Amino acid sequence: MVQLLLQHGAKLEVENENRSPLVGAIVSGNVNVVRELVQNGADVNSTSIEGFSSIAIASSFGCVDVLQELPKHAPVLDNGMTPLFAASEGGNFDAVKLLLEQCTSVHVEGELRSPLHGASLHGQLDIVKLLLEHVADANCLDSDGWTALHMPAQNGHVGTIQELLQHDAPITMLSKGWTPLCVASENGHLGVVKILLAYGADHNIICKGDQTALCFAASKEFTDIVMELLRFGANANATNPVFGVTPIFLASMNGHGNITKERVQYGADINAKKYNGQTPLHVAIKHGHINVVNQILQSSNVNVNAASLV
């Protein structure tokens with residue numbers, strides 16, 4: 001049918017709804033049409049309106065049969081992303097495997113984010129393993145300075161975290177002010193926090209906003225994470241250098257009674273003072289958190305007569 005249309009003057013490169021005939025055939029997975037278009041001179045180097053080449057689109061859709069019909073010299077970089085990235089991020093294992101068998105590089109100069117970043121972000125564990133087997137660099141940074149380990153820490157992909165750590169991914173790397181542990185703590189991913197701590201993550205590193213992982217977990221009342229961090233020796237009395245408060249103040253201010261209790265058990269100073277002389281008890285009363293007030297008053301050494309400056 002394609003040959004017949006071409007014989008009657010059909011154009012190979014006419015775009016319909018921002019798609020060339022080749023792109024349309026790729027998206028629909030029509031291998032025979034793709035083969036005929038390529039054999040008749042369809043431009044495999046042309047891009048869609050979004051800037052993606054035919055091989056990148058086929059990779060994104062996981063069209064392995066189509067990929068086998070496309071020339072291996074198709075463009076490597078599309079909008080800062082490679083076909084291998086598109087296949088990795090999309091979870092298309094067979095497409096990733098084929099591209100790697102075709103000697104596609106796992107890292108290309110100028111790409112915005114590596115295939116390992118794409119697979120790690122979405123927890124594509126089988127693809128992460130495959131990329132690492134092909135010597136993907138677990139230490140590489142994307143264009144924003146994030147490591148691959150930051151990706152699953154954000155989304156709670158425990159298996160991916162463990163696989164990356166087994167390949168020596170940098171566990172305490174600060175990217176844009178965040179360690180993977182702080183990212184996981186801020187997003188409430190207990191499983192990730194446990195693995196990171198077991199592998200030796202430094203829980204007292206000061207991250208974005210001059211806060212530790214403990215501060216992030218406490219501010220959102222992730223009690224299990226707070227407990228895990230305290231069990232691993234997180235400093236319950238670390239002072240925020242900007243606001244001059246310890247983590248117990250955050251719990252008192254936000255009404256987190258259970259966290260306040262746990263902090264005291266792990267050595268938090270119940271009578272710590274802010275720059276204005278206020279203690280956690282003052283803060284809890286000020287914000288009307290009766291549950292926190294009750295927890296603080298159960299402490300045997302609380303100073304109920306502490307005077308503030310305001």
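Every letter in the sequence shown is one number past the one before it in UniProt numbering, and letter 299, counting from 1, is 299. For each residue, glycine too, the CB sits at the ideal point set by N, CA and C. Remember, it's a predicted structure, so these values are computed and weren't measured experimentally.
Closest Cβ-Cβ distance between V27 and chain C: below 7 angstroms?
Protein chain content of the structure displayed is limited to a single chain, and chain C is not contained in it.
Take D269 as the anchor and find which of C207, A238, G159 has the nearest alpha-carbon.
Closest option to D269, judged by alpha-carbon separation, among C207, A238, G159: A238.
Within 10 angstroms of its Cβ, does H287 collect 16 or more other Cβ (buried), or is it exposed?
The residue is exposed, with fewer than 16 neighbouring Cβ atoms inside 10 Å.
For D126, which of T246, L164, G255, Q211 has the nearest alpha-carbon?
Answer by Cα proximity: L164.
Euclidean distance between Cα positions of N291 and V302:
Computed Cα separation, rounded: 16 angstroms.
Using alpha carbons as the reference points, say which of S20, N32, D65 lies closest to S53.
The option with the nearest alpha carbon to S53 is S20.
Cβ neighbours of A153 in the same chain (closer than 6 angstroms, five flanking residues each side left out):
Only P180, V183, A184, V192 meet the Cβ criterion.
Measure the C-alpha to C-alpha separation of Q265 and N294 and round it to an integer number of angstroms.
Computed Cα separation, rounded: 15 angstroms.
Output yes or no for whether 7 angstroms exceeds the beta carbon distance between K176 and G209.
No, they are not a contact pair.
Opening and closing residue of the alpha helix (DSSP H) in which P170 lies:
No alpha helix (DSSP H) holds P170; DSSP gives it neither H nor E.
Tell me whether C207 sits in a helix, a strand or coil according to DSSP, three-state version.
The answer is strand: DSSP assigns C207 an E or B state.
As a quick exercise: from S300, A306, N254, pick the residue whose alpha carbon is nearest that of A272.
Comparing Cα positions, the closest option is A306.
Is it buried or exposed for Q211, if we count other Cβ within 10 angstroms and need 16 for buried?
Q211 should be labelled buried.
I'd like the list of long-range same chain contacts for D168, defined as Cβ closer than 7 angstroms, with 5 residues on each side in sequence excluded.
Annotation for D168: A138 place their beta carbon closer than 7 angstroms to its own, counting only its chain and skipping 5 residues before and after.
Opposing strand residues paired with W178 [DSSP bridges]
Residue pairing for W178: DSSP places it in a beta bridge opposite S175.
Would you tell me roughly how many angstroms separate the C-alpha atoms of V283 and L297, rounded to the nearest one?
Straight across, the Cα-Cα distance linking V283 with L297 is about 13 angstroms.
Counting C-beta neighbours from all protein chains within 10 Å, is the total for Q102 16 or more, i.e. buried, or is it exposed?
When all chains shown are included, Q102 counts as exposed.
Alpha carbon to alpha carbon, how far is L112 from A234?
Going from the Cα of L112 to the Cα of A234 covers about 35 angstroms.
Using DSSP with H/G/I as helix, E/B as strand and the rest coil, what is S88?
Correct three-state label for S88: helix.
According to DSSP, what are the bridge partners of S219?
Beta-bridge pairing links S219 to no other residue.
By alpha-carbon positions, which one of D202, R263, V27 ends up nearest to A56?
Here the closest residue by C-alpha is V27.
Take I285 as the anchor and find which of G257, P115, I225, D94 has the nearest alpha-carbon.
Checked all of G257, P115, I225, D94; the closest Cα to I285 is G257.
Under 7 angstroms between C-beta atoms of P115 and S143:
Cβ atoms of P115 and S143: not closer than 7 angstroms.
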